[in-house]
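> So the sequence shown is numbered by this note's numbering: it starts at 33 and just counts up by one. Okay, here's the structure, questions in a sec.
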Amino acid sequence: MMFVQFTMLTLLLENQIPFIVLEGIFECTISKFDQTAILIDVIHAVLEHVNPFKENKLKRTFSSNTTRHHHHNHHILSLLHQCYEYQDAKSSEFSNSRFPSAVELDRAGVSFKRARDTEWPLVMEVKLRRFPYFSFSWGKPTLIMPELDINDFTELVLRNLIAYEQFSANVTQYITSYAMAMDMLIDTQEDIAKLVESKVLVNHIG
């Protein structure tokens, strides 16, 4: 229970402190009892525990050296955000026109499938089944989406990542874009049920 409370506190935007301060605290506490412990490994274990996209393991996009050289810009929330960055991401704008909900897309013949082994954990793309030996597509389209694990941490993690994106300069708004896309897809409980049925949403809150 204490670990859960500690994890939730470390992810709040208002609780973020520079990495150099975390290193000082770590050296005065955990390092004294376990000299083999490494701060980055401890942080990564915590972040993996609260990662709402369980199907995709968090990539180690940071190391002790990178955080040490940029300690004024790094904290736990920024390190988590780095795990969702995509090198080849392209900027886009959402249309002001209404986007169909999950149920409406299903009625139109679109199926939903959770993404597996993707380079980017937040990938959303439409795929058409191609007919063998021919160049044309066949069958109904499939919307590939990340599997979102709904647990005690999910709302807190997403809300604070969005807040971090909104109040940080030169930070790509990956999580904000994902949240907007999900908001378009979900209008009713039926939309949620459809995504749960498709295993795009996984509920672990009872």
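We put the beta carbon where it would ideally sit given N, CA and C, even for glycine. For clarity, every value in this text was computed on a predicted model and none was experimentally measured.
Kindly indicate which three-state DSSP category T98 falls into: helix, strand or coil?
Reliability of the predicted coordinates at T98 is poor, the pLDDT of 48 falling under 50, and the value obtained from them is presented with this limitation in mind. In the structure shown, T98 sits in a helix (DSSP, three-state: H, G or I).
> How about S200 and L175: do their beta carbons lie closer than 9 Å?
no
> Quick check on the DSSP output: the alpha helix (DSSP H) that includes E136 runs from which residue to which?
134-139
> Note down, in chain order, each residue of its chain lying with its Cβ closer than 8 Å to the Cβ of L45, except the 5 sequence neighbours on either side.
L109, N192, A195, Y196, F199
> Within 10 Å of its beta-carbon, does V135 have 16 or more other beta-carbons around it, so buried, or fewer, so exposed?
buried
> Which whole-angstrom value is the C-beta distance of R73 and S133, which I expect to be below 8 Å?
For the sequence presented, residue 73 should be read as Asp rather than Arg. The pair is not a contact, with the Cβ atoms about 42 Å apart (cut-off 8 Å).
> Report the CB separation of L137 from L112 in whole angstroms; it is logged as a contact under 8 Å.
Incorrect: roughly 30 Å between the Cβ atoms, too far for contact.
> Does N192 come out as helix, strand or coil in the three-state DSSP assignment?
helix
> Please state whether DSSP places N83 in a helix, a strand or coil.
Coil, per DSSP.
> With a CB to CB cut of under 6 Å and the five nearest residues on each side skipped, what residues in its chain are close to E229?
none
> Under the DSSP definition of a beta bridge, which residues are partnered with I182?
N235
> Would you kindly work out how many angstroms separate the C-alpha atoms of E187 and L233, rounded to a whole number?
13 Å
> What residues match up with E157 in a beta bridge as DSSP calls it?
I176
> Please state whether the Cβ-Cβ distance between L190 and I207 is less than 9 Å.
Taking C-beta atoms as the reference points, L190 and I207 count as a pair closer than 9 Å.
> Can you give me the C-alpha to C-alpha distance between I57 and L180, rounded to a whole angstrom?
Taking the straight line from one Cα to the other gives about 33 Å.
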